[in-house]
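Going down the list, the sequences are from chains Z and U. Numbering that gives the first Met the number 0 applies: residue 0 is where the first sequence begins, and numbers increase by one. Numbering that gives the first Met the number 0 applies: residue 0 is where the second sequence begins, and numbers increase by one. Beta carbons are placed, not taken as given, at the ideal position from N, Cα and C, and that holds for glycine. None of these values were measured; they are calculated from a predicted model. A short write-up of the structure that comes next.
There are 2 protein chains.
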Amino acid sequence: MRIIPYKHADRPRKRRTLDQQQVVKTALALLDEVGLEELTMRRLAERLDVKAASLYRHVRNKDELLILLGDEISGEIPLPRGSGGWKEQLTEIALNVRRGLLAHRDAARVLAITPPFGPRRLHHIEAVLRVLRSAGFSRKDAARAAYHANNFVTEFAADEARFAAFAGAPGSNRRKVFAQARQVFKTLPRDEYPTLVELAEDLTADDQDGLFQFGIDLLLRGLEVLAKRG
Amino acid sequence: MRIIPYKHADRPRKRRTLDQQQVVKTALALLDEVGLEELTMRRLAERLDVKAASLYRHVRNKDELLILLGDEISGEIPLPRGSGGWKEQLTEIALNVRRGLLAHRDAARVLAITPPFGPRRLHHIEAVLRVLRSAGFSRKDAARAAYHANNFVTEFAADEARFAAFAGAPGSNRRKVFAQARQVFKTLPRDEYPTLVELAEDLTADDQDGLFQFGIDLLLRGLEVLAKRG
DNA sequence: AGTTTATTGCGAACATCGTAGCGGAATCAA
DNA sequence: TTGATTCCGCTACGATGTTCGCAATAAACT
């Protein structure tokens, strides 16, 4: 018996041609499921029913993919409405961005390791700058403050994501890891780390919101002082 | 003719036995020369006249090596003298840490991706906490403020390191990259990013110190306000 | 000194990763 | 229909981190 291999029987008539949009969107979906370290070109290709090398037709390399991915994520974060005082506006942006970043697994880490080149991402920076300028800050101060504000939010969220990854590794959950950490701190030599030991019990797993807000308040109060002088 | 392989002719009499200290120190030296992405187990082993597999006798895996490396780096950063007001002390720590991190290539990036488990690293956190506590902050406020302060410094330096890596890739230097970036910003659609375009010319390559100090001031003023209230 | 035990390094492999370069299918011109 | 051209997809390559069984050395003990 002869097996007659007929060509491309199950191949779609018209070659299903991939585009960048599709690649990036699938990458985001994959990121949500497997996280940053497991987001690999091969796995992504598999998702698209294609071999890894094919992706390079639509993306220069993995770094570029991550940049695009970062922009995609930024695109999902709502821009501020632009009402209220400048402090309220900045707070709103910060909360929005953090929420948006936590909405996708490891999203903040992607932004953290990626230069802010994408247009949607630049829109958010623009928004912060605009608020600061309209609040009366000088160009230089506004630029500097915007840098720090953006950094603060993304790095804070990135840290949360890193911790989540760390705590989600084997069968460990968030609270358990914190309990362990507290234990470690308590067994530290008290004469070398007196304050650290003392503060061990203030470590709590569920006050990330409060910690974040505390940071925002610090920044805003600092800016306020600056505004009153300038 | 028969080749008689005589055993271990050029092997040193006493087997030079490796220890963790040596591995970590060599890793730091290697990091300085090749940077984080090129710091590989194989290359490190080569440095030690050893094959890669041998390293795993002294280090559980690469992650642990990075943690140890982070601690090694922290160990080189001087602890504060402890004189002056709390703001001066915190400033001193911040400047010290940043300087210490910039002293080794990609050092800050190592700290940024590594949990603060090492003893020497904990000492610095302890120092910050102590200053805050002695300044009269509550335990909770001190803990939160210390978290943000540490994050601020390391992430700022990590960002600098990332940029340095980016700018050091092909024959590009710092200033040139900034010039390019400014160019990019200027060619952005003015109607979409008015403020960003306006601020393009305020981007300058050599004001990292000022930018850092600005951030410190923001934090300190924020803390000052908090202290006065309560 | 001789014997046993523990430690250290190594060779070779494995799985996995990002990606260059090429062969061949799809499309178009004639 | 044929020939040329475009362009997509894949095989293959060189690295990476890491495991395991074995050999050789150092340390401990008798």
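Span separating the alpha-carbon of residue i from that of residue j
i, j, result
"Z/Phe165", "U/Gly214", "29 Å"
"U/Glu223", "Z/His147", "19 Å"
"U/Glu200", "Z/Leu218", "25 Å"
"U/Asp18", "Z/Glu71", "47 Å"
"U/Leu101", "Z/Ala142", "23 Å"
"Z/Arg84", "Z/Arg132", "Residue identity check: residue 84 of chain Z is Gly in the sequence provided, not Arg. In a straight line, the C-alpha of Z/Gly84 is about 12 Å away from that of Z/Arg132."
"U/Thr25", "Z/Arg56", "41 Å"
"Z/Leu210", "U/Lys227", "20 Å"
"Z/Gly170", "U/Phe162", "Confidence in Z/Gly170 is poor, its pLDDT being 49 and thus under 50, which makes the residue's placement too unreliable to answer from."
"Z/Pro115", "U/Asp208", "21 Å"
"Z/Tyr82", "Z/Leu27", "It is worth fixing the name first, because residue 82 of chain Z is Ser in this sequence and not Tyr. Spanning the two alpha carbons is a distance of roughly 31 Å."
"Z/Glu37", "Z/Leu68", "15 Å"
"U/Val196", "Z/Leu128", "11 Å"
"U/Tyr192", "U/Arg181", "13 Å"
"Z/Arg119", "U/Pro188", "13 Å"
"Z/Leu35", "U/Ser137", "37 Å"
"Z/Leu65", "U/Lys61", "24 Å"
"U/Gln212", "Z/Asn95", "27 Å"
"U/Glu91", "U/Val130", "11 Å"
"U/Phe151", "Z/Asp190", "27 Å"
"U/Gln20", "U/Leu54", "12 Å"
"U/Asp48", "Z/Val58", "40 Å"
"U/Asp216", "U/Glu63", "35 Å"
"Z/Ala111", "Z/Gly135", "29 Å"
"U/Asp206", "Z/Leu225", "19 Å"
"Z/Lys86", "U/Ala145", "23 Å"
"U/Arg46", "U/Leu198", "47 Å"
"U/Leu43", "Z/Thr194", "37 Å"
"U/Lys50", "Z/Lys50", "34 Å"
Where residue i falls, given that 16 or more other Cβ within 10 Å makes a residue buried
i, result
"U/Gly99", "buried"
"Z/Val22", "buried"
"U/Ala157", "buried"
"U/Val183", "exposed"
"U/Asn149", "buried"
"U/Ala160", "buried"
"Z/Gly221", "buried"
"U/Gln88", "buried"
"U/Glu154", "buried"
"U/Ala93", "buried"
"U/Ala52", "exposed"
"Z/Thr113", "buried"
"U/Asp140", "buried"
"Z/Gly117", "buried"
"U/Thr16", "exposed"
"Z/Thr186", "exposed"
"U/Arg41", "exposed"
"U/Thr39", "exposed"
"Z/Arg80", "exposed"
"U/Arg97", "buried"
Run of the alpha helix (DSSP H) containing residue i, from where it starts to where it stops
i, result
"U/Arg120", "Pro118 to Ser133"
"Z/Lys61", "Lys61 to Gly74"
"Z/Gly99", "Trp85 to Ala102"
"U/Ala107", "Ala106 to Ala111"
"U/Asp208", "Gln207 to Arg228"
"U/Val196", "Pro193 to Leu198"
- Say whether the stretch 76 to 90 of chain U touches the stretch 109 to 128 of chain U, bearing in mind that this needs 3 or more beta-carbon pairs closer than 8 Å, one atom from each stretch. Cβ pair count under 8 Å is three or more, so yes.
- Between the stretch 22 to 36 of chain Z and the stretch 101 to 113 of chain Z, are three or more C-beta pairs nearer than 8 Å? These segments touch.
- Task: Return the chain-ordered ranges of every alpha helix (DSSP H) run that is complete within the stretch 16 to 51 of chain Z and spans a minimum of 4 residues.
- Result: Qualifying alpha helix (DSSP H) stretches, in chain order: 19 to 33 and 40 to 46.
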